[in-house]
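Novice:
Protein chains: 2
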Amino acid sequence: MVGKKAFTSKQKQLARLAKAMGHPVRIAIIEMLLSQSCCYHGDMSLEIPVAKSTLSQHLHELKDAGIIQGTITPPTVKYCINKENWSMAGKMFEKFFQNDKNHG
Amino acid sequence: MVGKKAFTSKQKQLARLAKAMGHPVRIAIIEMLLSQSCCYHGDMSLEIPVAKSTLSQHLHELKDAGIIQGTITPPTVKYCINKENWSMAGKMFEKFFQNDKNHG
DNA sequence: TTAGTTGTTCGTATATTTGCGAACAATAAA
DNA sequence: TTTATTGTTCGCAAATATACGAACAACTAA
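For the record, the sequence lines run as chains A and B. Per my numbering, the very first residue in the first sequence carries number 1; after that it's consecutive. Per my numbering, the very first residue in the second sequence carries number 105; after that it's consecutive.
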């Protein structure tokens with residue numbers, strides 16, 4: 001039990017982002033938001049094969065991970081990608097896949 | 105219940121890869137393998153703060169997802185990144201983050 | 001106020017994940 | 001054969017994740 005290191009915050013953050021993307025429903029949500037700039041729960045509900053309550057849960061998880069944002073525009077809720085965080089996430093994954101430790 | 109589309113195999117594959125990366129232990133494993141070319145269970149066990157049986161489970165998951173490979177070299181087992189699959193995964197994530205539908 | 005629309009939260013059930021130690025398997029060494 | 005080393009699998013417990021419909025909240029329109 002000596003010498004074992006705790007996880008770094010980068011490792012934890014990357015894992016958190018990956019986990020948030022680790023479900024087909026959430027991949028589909030992100031793709032819709034990326035391709036249409038913004039979308040409404042109802043729109044997504046027509047395309048994605050889960051109950052609206054389940055969709056809401058997945059949206060909540062993506063929001064929690066910082067990947068998307070929601071804005072209330074009664075009676076609907078408009079979701080969009082959190083562009084700043086999405087860009088950061090993209091860079092993290094890029095570095096990870098390149099294992100590029102010298103340009104960070 | 106009309107008009108809902110099943111998930112594409114790309115969506116499912118990306119979600120599967122993301123899910124496999126969605127845990128700090130598995131991120132740490134991949135980082136070790138990327139930086140040292142190859143590693144042994146025992147080496148990783150000294151660095152990563154989980155029981156050896158738990159580590160074995162995580163290695164199994166990464167193998168299942170196609171990210172790593174294991175070769176028995178008695179009495180140890182040598183793990184390495186499945187470079188071909190890793191490269192493909194990198195490209196999938198790259199496209200996803202760029203939402204680049206015109207160059208695939 | 002009463003309906004209607006949209007989306008979230010609640011309550012519940014089931015499935016999966018994570019984790020550990022014990023037991024096991026495979027091999028090498030004595 | 002016995003012992004030691006390495007790593008996996010088993011058995012179990014606890015925590016999370018997934019999913020659904022019902023109920024609810026917030027707002028708009030009649």
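Backbone N, C-alpha and C define an ideal beta-carbon position, used for all residues, glycine too.
#1: Put I48/A into one of helix, strand or coil per three-state DSSP.
#2: To the nearest angstrom, how far is the alpha carbon of S53/A from that of D43/A?
#3: In whole angstroms, what separates the C-alpha of G66/A from that of N82/A?
#4: When the distance is taken between beta carbons, is P153/B closer than 8 Å to A6/A?
#5: Quick check on T73/A: does DSSP put it in helix, strand or coil?
#6: Suppose you measure from the CA of H145/B to the CA of E188/B; what does that come to, to the nearest Å?
#7: What residue range does the alpha helix (DSSP H) around M21/A cover?
#8: Using C-beta distances below 6 Å, list every residue in its chain close to F97/A, excluding the 5 sequence neighbours before and after it, in chain order.
#9: Quick check on DSSP: helix, strand or coil for K108/B?
#10: Alpha carbon to alpha carbon, how far is I131/B from L14/A?
#11: Can you tell me whether P74/A is buried or exposed? The criterion is at least 16 other CB atoms within 10 Å of its CB, across all chains shown.
#12: Could you check where the beta strand (DSSP E) with C143/B kicks off and where it finishes?
#13: Using the Cα positions of T112/B and L166/B, report the straight-line distance between them to the nearest angstrom.
#14: Please classify A20/A as buried or exposed, where buried requires at least 16 other C-beta atoms within 10 Å of its C-beta.
#15: Counting only C-beta atoms, is K83/A closer than 8 Å to chain B at any point?
#16: Determine the DSSP secondary structure at I30/A, reduced to helix, strand or coil.
#17: For H164/B, count neighbouring C-beta atoms within 10 Å of its own C-beta (all shown protein chains included) and say buried if the count is 16 or more, exposed if not.
#18: Pull up the DSSP beta-bridge partners for K195/B, would you.
#19: Run the CB neighbour count on L33/A, radius 10 Å, all protein chains shown included, and call it buried at 16 or more, exposed below.
#20: Give the residues of chain A in contact with M136/B, contact being defined as C-beta atoms less than 9 Å apart.
Specialist: Once the coordinates are examined:
#1: What you label residue 48/A is simply residue 48 of the first sequence in a count that begins at 1. Looking at I48/A - three-state DSSP - the assignment turns out to be coil, as it is neither helix nor strand.
#2: For the purposes of this step, residue 53/A is taken as residue 53 along the first sequence, with counting starting at 1. For the purposes of this step, residue 43/A is taken as residue 43 along the first sequence, with counting starting at 1. Cα to Cα, the separation comes out at about 14 Å.
#3: Taking the first sequence and counting its residues from 1, one reaches residue 66/A at position 66. Taking the first sequence and counting its residues from 1, one reaches residue 82/A at position 82. If you draw a straight line from the Cα of G66/A to the Cα of N82/A, it comes to about 7 Å.
#4: Mapped onto the first sequence, residue 6/A falls at position 6. Mapped onto the second sequence, residue 153/B falls at position 49. A contact, by the Cβ cut-off of 8 Å.
#5: Along the first sequence, read from residue 1 onward, the residue named residue 73/A stands at position 73. Here DSSP, grouped into helix, strand and coil, assigns T73/A to strand.
#6: By one-based count along the second sequence, residue 145/B stands at place 41. By one-based count along the second sequence, residue 188/B stands at place 84. Rounded to the nearest angstrom, the two C-alpha atoms are 22 Å apart.
#7: Start at 1 with the first residue of the first sequence, and residue 21/A comes out as number 21. Segment: none, M21/A is in no alpha helix (DSSP H) and carries neither H nor E.
#8: Within the first sequence, residue 97/A is the residue found at index 97, counting from 1. Correct list: empty, nothing qualifies.
#9: Position 4 of the second sequence, counting from 1, holds the residue named residue 108/B. DSSP places K108/B in coil when its eight states are reduced to three.
#10: Here the question's residue 131/B lines up with position 27 in the second sequence. Here the question's residue 14/A lines up with position 14 in the first sequence. Going by the C-alpha atoms only, they are around 8 Å apart.
#11: Taking the first residue of the first sequence as position 1, residue 74/A is located at position 74. Its Cβ having fewer than 16 others within 10 Å, P74/A is exposed.
#12: As a position in the second sequence, residue 143/B is number 39, starting the count at 1. C143/B -> beta strand (DSSP E) spans C142 to Y144.
#13: Within the second sequence, numbered from 1, the residue matching residue 112/B stands at position 8. Within the second sequence, numbered from 1, the residue matching residue 166/B stands at position 62. Straight-line spacing of the CA atoms in T112/B and L166/B works out to 22 Å.
#14: Here the question's residue 20/A lines up with position 20 in the first sequence. Residue environment analysis places A20/A among the buried positions, since at least 16 neighbouring C-beta atoms fall within 10 angstroms of its C-beta.
#15: Here the question's residue 83/A lines up with position 83 in the first sequence. Not flagged as an interface residue toward chain B: K83/A, since no C-beta distance is shorter than 8 Å.
#16: As a first step, residue 30/A is located in the first sequence; it is residue number 30 there, counting from the start. DSSP places I30/A in helix when its eight states are reduced to three.
#17: For this step, residue 164/B is matched to residue 60 along the second sequence. Per the 10 Å Cβ criterion, exposed.
#18: For the purposes of this step, residue 195/B is taken as the residue at position 91 of the second sequence. DSSP output for K195/B lists no bridge partner at all.
#19: Here residue 33/A corresponds to residue number 33 of the first sequence, with the count starting at 1. So L33/A counts as buried.
#20: The sequence position of residue 136/B within the second sequence is 32, counting from 1. Within chain A, no residue has its CB atom less than 9 Å from the CB of M136/B, the nearest being about 11 Å off.
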